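Our numbering puts the first residue of the sequence shown at 17, with every later residue one more than the last. Positions of the beta carbon are idealized from the N, C-alpha and C atoms, including for glycine. In this text, all values refer to a predicted model and were calculated from it rather than measured experimentally.
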Amino acid sequence: MSGFLLLIAGLLEVAWAAGLKTSEGFTKLWPSVFTVVTSLGSFALLAIAMRQLPLGTAYAVWTGIGAVGAFIFGIVIMGEALTVARVASASLIVIGLIGLKLSSGH
């Protein structure tokens, strides 16, 4: 259950990062509200997941999902550049997350 909550928390991190970008520095009301609500949800679910998961693993997975998810969102939705170097770098994050998960014992 804690792994599932952590996944949802990570996806909410992607959502609030996208909302932050579209809020244009909190100058647009609804994207700003979306950003605040999704960030609070992300933090709350992370906190609940951390009750059973090791700090380092939980935080790394949460930020990793957010980083890779925002990377994908930026490319697919916002038209950001897709380069070999960017894909290789995102792949290294994923490999690191898998390694942390496999070595955490949870």
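DSSP-derived helix/strand/coil call for residue i
i	result
residue 97	coil
residue 43	coil
residue 102	helix
residue 69	coil
Own chain residues within Cβ distance below 8 angstroms of residue i, not counting five before or after
i	result
residue 117	73 and 77
residue 43	none
Closest Cα partner of residue i within the set the options
i	options	result
residue 66	114, 110, 112 and 23	23
residue 112	88, 75 and 86	75
residue 18	94, 110 and 64	64
residue 80	51, 106 and 20	106
residue 20	52, 68 and 104	68
residue 83	110, 36 and 95	110
Own chain residues within Cβ distance below 6 angstroms of residue i, not counting five before or after
i	result
residue 38	47
residue 85	30
residue 70	120
Spatial neighbours of residue i in its chain, beta-carbon cut-off 7 angstroms, leaving aside the 5 residues before and after
i	result
residue 91	98
residue 89	30 and 34
residue 55	32
Problem set entry | Inter-stretch contact at 8 angstroms, needing at least 3 Cβ pairs: the region 54 to 74 / the region 27 to 39 | yes
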